[in-house]
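Peer 1: Could you have a look at this structure, given as C-alpha cells, before my questions?
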Amino acid sequence: MKKFRKVLDGLTTSSPGGTMGSPSSGSAAGTPTAAPTPKEIDIQETLVSENFQMCKTVRHGFPYQPTALAFDPVQKILAIGSRTGGVRILGRPGVDCYCQHESGSAVLQLQFLINEGALVTACADDTLHLWNLRQRRPAVLHSLKFNRERITFCHLPFQSKWLYVGTERGNTHIVNIESFILSGYVIMWNKAIELSTKTHPGPVVHLSDCPKDEGKLLIGFESGMIVQWDLRGKKADFRICYDEAIHSAGWHHEGKQFMCSHSDGSLSMWNLRNTLKPFQVTFPHGKIQKDGRKESCKPILKVEYKTSRSSEPFVIFSGGLSYDKAGRRPTLTIMHGKAITVLEMDYPIVEFMALCETPYNNEVQEPYAVVVLLEKDLIVVDLTQSNYPVCENPYPMDIHESPVTCTAYFADCPPNLIPILYSIGAKHKKTGYSQKEWPIAGGLWTLGCNTYPEIILTGHADGSIKFWDASAITLQMLYKLKTSKAFEKPKPVEGRAADLMEEDPFAVQMVSWCPQSRILCVVGISAHIILYRFSKYDANTQITSLEVRLQCESEDVISPSDNENNPCFSESGSHSPQTHHPASPGSKTPEGNKDTIPCLKVKERMVRVPPGYQAELVIQLLWVDGEPPQQITSLDINSAYGLLAFGNCNGLAVVDYLQKTILLCMSTLDLYGGADPYQRLTRSPRRNRQSTSGLTELSDNQQSIDMERSKSPTSVKGPGRKLSLPTDLKTDLDHVNGHCTSPTSQPSAGKPRVPMVPEGPRLTRRGPGRPPFRKAQSAACMEISLPVSHTEVGYASRRAMLQQFHGVTMYSHDEHHSTPPYSWTDKESRENSFSRSRSSSVSSIDRDTKEAITTLQFGESYGRKNDALPNPCLWVGTSLGVALVIPMSIPTDHEERMEVPVTMGPSGTVLMLKGSVLRFGFLDCMGSLIQSPYEVWRDLNGPEDPDRVRKRKLVHFSPSSSQDSCGEGHLAVVCSERQAKVILMPSQSVLFVHNITESSFVLRADVVSVSNSVCLACFCANGHIMTLSLPSLRPLMDVNYLPLTDMRIARTFCFTNGGQALYLSSPTEIQRITYSQEMCDNLQEMLGELFTPIETPEAQNRGFLKGFFGGNSHNFDREELFGEASAGKASRSLAQHIPGQAGMEGMKVAASGVVGDLARARIALDERGQRLGELEDRTALMMTSADVFSKHAHELMLKCKDKKWYQF
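Every number in the working numbering is 46 more than the matching position in the sequence shown, counting from 1.
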C-alpha cells in the first residue's frame, strides 16, 4: 500500500522517460513548458504481490493429435491421450480435466482401474504412469521406466492389480499396480512359440484374458501367431500360426471362441475346440472379381466382438475397404447379423471403443454405443437404434471447425446477453441427433459461488465468428455468425488470376465488440470491415458500402514547391459514401491491373437476414494501380459517439456509421500537423525507387511521406504511364524501432542500380504466381516481428501460412536485394522465436518513416493542454512509439447527431514512448478505471410500440464526474512494446515511467481490474507475464510462464478483467489461465470431481451348471502366482521405479474429505509396504547368512568329529 502526494506538473523534463532523444511529453513543438500550479493527487493503491499467482484453470476444445482412448464403464468417464503427452479426462458437462506428462512423450495406451479412481498411461518413452483421479487435479503416484524393452500393448483385467505389458521383443511382463514393481513372472517369446519356429514372432499386439478362465492369457503377435498361455502351468495351451498379420482380437463372452482382424482386410473366427484352422474367414468389404479372385482390401486395424441378449452379436471394426475405391473416406463398419452398416467419417479414425452395460467380460456385453475418436473430432454412435444416429456432443470440440485466426475475451458481461445469444443460436442448431443422452456422464460438477458472465469470441479463416459462454470455467457454444454472407460469392477463375486469388478471402483478422450496445465490428484479411447490429427480429435490409482509398501512389505525390502540406491520400472532405459498386475484383483494366476497386463485392440487392447480428455497413479499402490495399492493423468502435476508426501502415480513417460518411482519411505523418517529433525532412528521391507496393511484399516502399511528396512529376515517364520495379526480393524481418523499412530503401552507394522498366505494360511488384495477400497483417493485430534464417523453404498452400502466421507484423529491413522471394517455415519461427534488434536513432527514422497505426482508443479526454473540460477524443498509437490525441466535436442532440457532421482534426499533442504503442487506458484521479462511453442497446427492427424508446440513450463516464475533491483531469496509461507511462491530462505531465523489458518486447498489454483495483498486465515475447500497479507502475508479478512461445500463442493471447487470460495452446484447444490469487484459491471449488463413490455392480449368478462346466475362473489367485514369494523379483536393470513427484502435492490439495483420507491411506500403505519390503530383504539376507554359517559349522563338525584331542 502506497500513497502518492503532491505530484507537480511539469516534472516531465527531468523524468526518466525523457531519455529518448526527443521530447517525452509536452507541447506540439516538443519543448518543455513551465509547470503550472501544483496539483495534489491522493491515490491509495491496494494491490500487492500477494494478490497475484499464476496457474492454469481449464483447457477447452478437442485434444490436439489424439493417440489413445479409454473408458471407465462404472464411473462413466472418458480419457484421451495425445501425441504431445497430454491426457484429457471428460465426464458430464463441466467435468473436464487436462493432465500433462512431464516428458512430453506420446501416449500409446490408456487403461482405467475401473471404479478405482486411477488411470494407467503407457508413453512412447517406454514409461508407465499411475495417475490418481481421486483429486480434482490428478497427479502421478508412480512411474515405471523400462530400460531394455519397448512397450507395445497393455492389458489390465477388471478388478485385478496385475497389469500385463507386452513389448516389442515379444515378451510379456507383469506389473503390480499398487506398488508399481515388476513381477519376476515373465512370459518369454521363445517359450511361447514352437521350438521348431525359426523366425521371431514380432511385437506383442494383443493381450486379453479368457472370459471363461482368467488363468488363460491370449497373446497375439504381429506376425500372425496367436498363443493361449496357461499362467498356472507356465506353458502354452495352443499355438496358431496364421498367414496374415494380426492387428487385434476380441473374445466372445462365453470364452469359447474369439475373432481376429488381419492386414488383408479379413476377419477370422477361431474355436478353442479346434485351433488348427479358423472355422470362419470373411472379407466384409472384399467382393469376388470376374476372374474369381477376391479384391485386395485395406487392413482392419481393430475389431470388437460384443454379444447381446435380445439380438445377434455386434461385430464392429475400422478399415477393411477395398483398395480400388480411391477417395473413400475413413469408415466404421457395424455388422449386426446379416446387416452391414458402413459409417463414413470426416477424419481418419484413431481409436474406437464399444460401451457396454457390464464391466465383466464373462457376461453378455449388451453394447449400447460406440465412441469413435477421430483425428479432429469425437463422436458417439447410438447402437440402440437401427439407423445408428450420432449423439449430440455437449463439449466444445468444434473450435477448430475452421482454423482460429483471432480471439477476444470479455468478462463481467451484461447478464441478459448470454440467454439472448443462446436462444437465437439454438434456432440454427443441427438436427438429426439421437434422442439418447450423452453416455459419458461421470463425475460431479456444481456451479461455483463466484461466477459472472463471460463470453469468448473466436474468429476463423472461413470468415465465421463464434460466441462462447465461458462462465464458471466452462465453454458452451452460443451463436455463430458468418461474415461471408455480406458478400457475393467469388467467381471461379483460371490461370494466373487463380494464383492471385486469396484462398481464405473472408478470414477474420480482428474483432471489436461492445457488449453493452451489442455492436460488433469485424476486420477481414481482404482489407474490409463489417459493422453488425444485434436484433431479435428478422428484417429485410440492404447493406451500405463505403470505399476508402488509403494508399500512397505516384499521382498523389507532388513536389514541395507546389504544396508542402498536401496529403498523398484522398481528401478528408469527401464525406459522401461511395455506395456504387465498380467492376468486380476479378476484372482488369486494359493494362492488366486492378484500379479503384475493392477486393470483394458486397451484395447490392435487398436481403432477408435472420435474427441475431445483421450487417449494416461494409467498409473496404481499394486497390490502387494494380496494388492491393494494405491490411488493417488497428480498429476501435464507440457506440456513444457513433464512430469507427481504423488504420494501417499508410494512415488513419474515421467513419461515422450513423451518417454513413467518411470523416477523416489521411496519412500518419499528416496527423502530426507541424509537430513531427522526428523532424523528418523532405528529400529528392532516386528515380529508380518505387512509390507503391503490394501486399505480397512484407512492407511497402519505406520512403518517408515527405519524401514521396517531394517527387517530381517527371519521375513518371509519359502521361498516364506508370513505371515500377519488379521486386522479387527476399525480405528479412528486422524491426527497426517498430517502423517499416523496404528492401529498396537502403542507400545504394557502391551497388549497381537496377534499371527501370522500359516502355510497355506496367509490371506489378508481385512475383509470378504470388497471391496478393502473402503479406502478413501489420503491427496492431500482431505487434510482433521475427527474424528469420535464410533457408528457402516454401509453403504448400496459402491456408498453411494463414494458420501459422496470419496476423503477424513484418517490417522488413533487408540489404540482400538479389535473392528470390522468401517463405516462412515453422522451423525458422521456432528457432528464431521473438528476438530482434531495435534502433531508435534519429538517422534511421529519418531514412525510413513509414509509420503504422498500431492501436486506437475512443474516450473522454483532453485534446490540448488548455482544455478545461473533457471532450470526445481519439487516441492514436503508432509503430514509432508516438501517441497522438485527436479531439472531436460531436453534436449531443439526437436529431442534430443524425444531420450535422462530426468535426475532428489533429490537436498537435504528441507523446513519446519506446517501441510500438500497444494499449491505452484511462484512470480518474482516484485511480479508478474510466470505461468508454456507450449507447444502451435498442432493437431497431422491433415492432412498432409507442412505449419503445426511439432516441439513443447514452452512458458517459466523464473523468471529472466524481473528482470534485481532486480537481479536474485524469490519468492516461500508455503501454508500448518496451515501456509504460502514466500521464496526467490535460497538462500532459509524465507522472510515472517504467521500462518493462530491455531484452524482449511486449506482445499484449491491457489495463484490467483485479481484486477491486486495476493493474497493467503484460505478456512478453520471452514468455513472461507481468503485472504492474497503477498508477505507480510498481512490478507486482513477473512469471516465466511460456518460455517457448510460438506464433499461435502470440496471435491469440488476450487479457480480461478478473485476473484471467486465454490463448490458443494448439490449433484445436483454448487454454485459460489466471494470475489472480483469489481465483487460484477458489479454483478447487470450481473444478469438477472426476471420481464419485459408486458401488461396483455385482456379477451375475452363473448358476450351478455353468459354474461347474464353464471353468473354475474364480479360484485363480494372481497374487499367489505373480507375487514375490512364488515368482521372485524381476531384474532391476529391466525397469526402474520412479516415485510420483506430484503425489504429495496432490495429497495436500485434497487434504480434506473422503478423497483426502483415501489418498493419504494409499500413500501410507505404499510407504508401509516399501518399508516392509526393505525389512523383508534384510531378513532374507540375514537368513541366508545364517544358513551359510550353519552349513560351514556343520562341515567343520563333521571334519573334526572323529579326531582325537591331541590331533588338533
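Here a beta-carbon is modelled for each residue, glycine too, at the ideal position from N, C-alpha and C.
Predicted model, so just to flag it, every value in this text is computed and none were measured.
Where T949 and W669 are concerned, what is the direct C-alpha to C-alpha distance, given to the nearest angstrom?
Peer 2: As a working note, residue 949 is residue 903 in the sequence shown. As a working note, residue 669 is residue 623 in the sequence shown. Cα-Cα distance, rounded: 28 Å.
Peer 1: Report the three-state DSSP secondary structure of K384 (helix, strand or coil).
Peer 2: For the purposes of this step, residue 384 is identified with residue 338 of the sequence shown, where counting begins at 1. K384 falls in the coil class under three-state DSSP.
Peer 1: Please report the residue range of the beta strand (DSSP E) in which L527 lies.
Peer 2: Counting from one through the sequence shown, the residue named residue 527 turns up at place 481. Residues Q522 to K528.
Peer 1: Could you pull the start and end residues of the beta strand (DSSP E) that H293 belongs to?
Peer 2: As a first step, residue 293 is located in the sequence shown; it is residue number 247 there, counting from the start. Start and end: I292 to W297.
Peer 1: Taking only the alpha-carbon atoms, compute the straight-line gap between L689 and C560 and give it to the nearest angstrom.
Peer 2: As a working mapping, residue 689 is identified with position 643 in the sequence shown. As a working mapping, residue 560 is identified with position 514 in the sequence shown. Whole-angstrom Cα-Cα distance: 13 Å.
Peer 1: To the nearest angstrom, report how far apart S978 and F199 are at their CA atoms.
Peer 2: For the purposes of this step, residue 978 is taken as residue 932 along the sequence shown, with counting starting at 1. For the purposes of this step, residue 199 is taken as residue 153 along the sequence shown, with counting starting at 1. The alpha-carbon atoms of S978 and F199 are separated by roughly 60 Å.
Peer 1: Enumerate in chain order the residues of its own chain whose CB-to-CB distance from N586 is below 6 Å, with the five nearest sequence positions on each side excluded.
Peer 2: For the purposes of this step, residue 586 is taken as the residue at position 540 of the sequence shown. M652 and R654, listed in sequence order.
Peer 1: With a threshold of 6 Å on Cβ separation, who are the neighbours of S572 within its own chain once the five nearest residues in sequence on each side are excluded?
Peer 2: Within the sequence shown, the letter at position 526 stands for residue 572. Closer than 6 Å at the Cβ level, and outside the excluded window around S572, lie P551, C645 and L646.
Peer 1: When you measure from the CB of C560 to every non-hydrogen atom of the ligand FAD, does any distance come out below 8 Å?
Peer 2: No copy of the ligand FAD occurs in the structure displayed, which carries no ligand at all.
Peer 1: In whole angstroms, give me the CA-to-CA distance for L389 and E1141.
Peer 2: The sequence position of residue 389 within the sequence shown is 343, counting from 1. The sequence position of residue 1141 within the sequence shown is 1095, counting from 1. Looking at the two C-alpha atoms, the distance is approximately 36 Å.
Peer 1: Mind checking which residues open and close the alpha helix (DSSP H) that includes Y468?
Peer 2: The residue given as residue 468 occupies position 422 in the sequence shown. Looking at the DSSP string, the run of the alpha helix (DSSP H) that includes Y468 is L463 to A472.
Peer 1: Does the pairing of the stretch 104 to 114 with the stretch 1075 to 1090 give three or more beta-carbon distances under 8 Å?
Peer 2: no
Peer 1: Quick check: what's the CA-CA separation for A1239 versus K1249?
Peer 2: Position 1193 of the sequence shown, counted from the start, is the residue given in the question as residue 1239. Position 1203 of the sequence shown, counted from the start, is the residue given in the question as residue 1249. Taking the straight line from one Cα to the other gives about 16 Å.
Peer 1: Identify, in the order they occur along the chain, each residue of the same chain with its Cβ nearer than 7 Å to the Cβ of Y1255, setting aside the five sequence neighbours on each side.
Peer 2: This structure leaves residue 1255 out entirely; the chain is present only between 47 and 1254.
Peer 1: Find the nearest neighbour of V675 within the set L681, D682 and L667, judged by alpha-carbon distance.
Peer 2: Stepping through the sequence shown from its first residue, residue 675 is reached at position 629. One detail in the question is off: residue 675 reads as Pro in this sequence, not Val. Looking at the Cα atoms, L667 is the closest of the given residues.
Peer 1: Tell me whether the beta-carbon of G132 lies closer than 9 Å to the beta-carbon of Y144.
Peer 2: Taking the first residue of the sequence shown as 1, we reach residue 132 at position 86. Taking the first residue of the sequence shown as 1, we reach residue 144 at position 98. Their beta carbons are under 9 Å apart, which means G132 touches Y144 by this criterion.
Peer 1: Out of T1114, L159, W491 and D1223, state which residue places its alpha-carbon closest to the alpha-carbon of G1134.
Peer 2: Here residue 1134 is taken as the residue at index 1088 of the sequence shown, counted from 1. Looking at the Cα atoms, W491 is the closest of the given residues.
Peer 1: State the Cα-Cα distance for the pair P440 and P139, rounded to the nearest angstrom.
Peer 2: As a working note, residue 440 is residue 394 in the sequence shown. As a working note, residue 139 is residue 93 in the sequence shown. Roughly 7 Å separates the two Cα atoms.
Peer 1: Just tell me which of A661, T497 and I292 has its CA closest to the CA of L986.
Peer 2: Position 940 of the sequence shown, counted from the first residue, corresponds to residue 986. Answer by Cα proximity: A661.
Peer 1: Just to confirm my understanding: we take D584, look at its own chain, exclude 5 residues before and 5 after, and list those with CB closer than 8 Å. What are they?
Peer 2: The residue given as residue 584 occupies position 538 in the sequence shown. Hits under 8 Å: R654, V655, P656, P657 and N987.
Peer 1: Need the endpoints of the alpha helix (DSSP H) that T1098 sits in, please.
Peer 2: Numbered from 1 along the sequence shown, position 1052 holds the residue referred to as residue 1098. Note, T1098: alpha helix (DSSP H), M1093 to T1098.
Peer 1: How far does the beta strand (DSSP E) with W921 in it extend, from its first residue to its last?
Peer 2: By 1-based counting over the sequence shown, the position of residue 921 is 875. Residues N917 to T924.
Peer 1: For the candidate residues I589, E534, R564 and L503, whose alpha-carbon lies nearest to that of Q555?
Peer 2: By 1-based counting over the sequence shown, the position of residue 555 is 509. That would be L503, whose Cα lies nearest to the Cα of Q555.
Peer 1: Assuming the contact rule is C-beta atoms closer than 8 Å, E290 and S254 should be a hit. Round their C-beta distance to whole Å, please.
Peer 2: Residue 290 sits at position 244 when you count from the first residue of the sequence shown. Residue 254 sits at position 208 when you count from the first residue of the sequence shown. No, E290 and S254 are not in contact; Cβ-Cβ is about 19 Å, not under 8 Å.
Peer 1: Please say whether A686 and S563 have beta carbons closer to each other than 9 Å?
Peer 2: Here residue 563 corresponds to residue number 517 of the sequence shown, with the count starting at 1. Here residue 686 corresponds to residue number 640 of the sequence shown, with the count starting at 1. Cβ distance < 9 Å, so S563 and A686 count as in contact.
Peer 1: Cβ of L1030 within 9 Å of Cβ of V1036?
Peer 2: Counting from one through the sequence shown, the residue named residue 1030 turns up at place 984. Counting from one through the sequence shown, the residue named residue 1036 turns up at place 990. It is a contact, given that the beta carbons lie within the stated cut-off.
Peer 1: For the stretch 329 to 349 against the stretch 261 to 277, are there 3 or more C-beta pairs whose distance is under 8 Å?
Peer 2: Touching, no.
Peer 1: Taking the C-alpha atoms as reference points, what is the distance between V1042 and H175?
Peer 2: For the purposes of this step, residue 1042 is taken as residue 996 along the sequence shown, with counting starting at 1. For the purposes of this step, residue 175 is taken as residue 129 along the sequence shown, with counting starting at 1. Looking at the sequence itself, residue 1042 is Ile, so the reference to Val does not match. About 41 Å.
Peer 1: Can you name, in chain order, every residue of its own chain whose Cβ lies under 8 Å from the Cβ of M944, other than the five neighbours on each side?
Peer 2: Locating residue 944 in the sequence shown gives position 898, counting from the first residue. Cβ within range, chain order: L704 and Q705.
Peer 1: Output the distance between the C-alpha atoms of V955 and T707, rounded to the nearest integer angstrom.
Peer 2: Within the sequence shown, the letter at position 909 stands for residue 955. Within the sequence shown, the letter at position 661 stands for residue 707. Checking the displayed sequence, the identity of residue 955 turns out to be Thr instead of Val. Looking at the two C-alpha atoms, the distance is approximately 26 Å.
Peer 1: Taking its Cβ as the centre, do 16 or more other Cβ atoms sit within 10 Å of N408, making it buried, or is it exposed?
Peer 2: For the purposes of this step, residue 408 is taken as residue 362 along the sequence shown, with counting starting at 1. Buried, because 16 or more other Cβ atoms sit within 10 Å of the Cβ of N408.
Peer 1: Examine the Cβ distances between the stretch 1016 to 1025 and the stretch 965 to 972 and report whether three or more of them are shorter than 8 Å.
Peer 2: yes
Peer 1: Verify whether the separation of the beta carbon atoms of V1060 and R1024 is less than 9 Å.
Peer 2: For this step, residue 1060 is matched to residue 1014 along the sequence shown. For this step, residue 1024 is matched to residue 978 along the sequence shown. No. Outside cutoff.
Peer 1: Across the stretch 1060 to 1070 and the stretch 1098 to 1113, are there enough close Cβ pairs to call them in contact, namely three or more that are closer than 8 Å?
Peer 2: yes
Peer 1: Is the CB-CB distance between S953 and G1015 below 9 Å?
Peer 2: If you number the sequence shown from 1, residue 953 lands on position 907. If you number the sequence shown from 1, residue 1015 lands on position 969. No, Cβ-Cβ distance for S953 and G1015 is not below 9 Å.
Peer 1: Should R1178 be labelled buried (16 or more other beta-carbon atoms within 10 Å of its own) or exposed?
Peer 2: Your numbering for residue 1178 matches position 1132 in the sequence shown. With fewer than 16 Cβ atoms within 10 Å of its Cβ, R1178 is classed as exposed.
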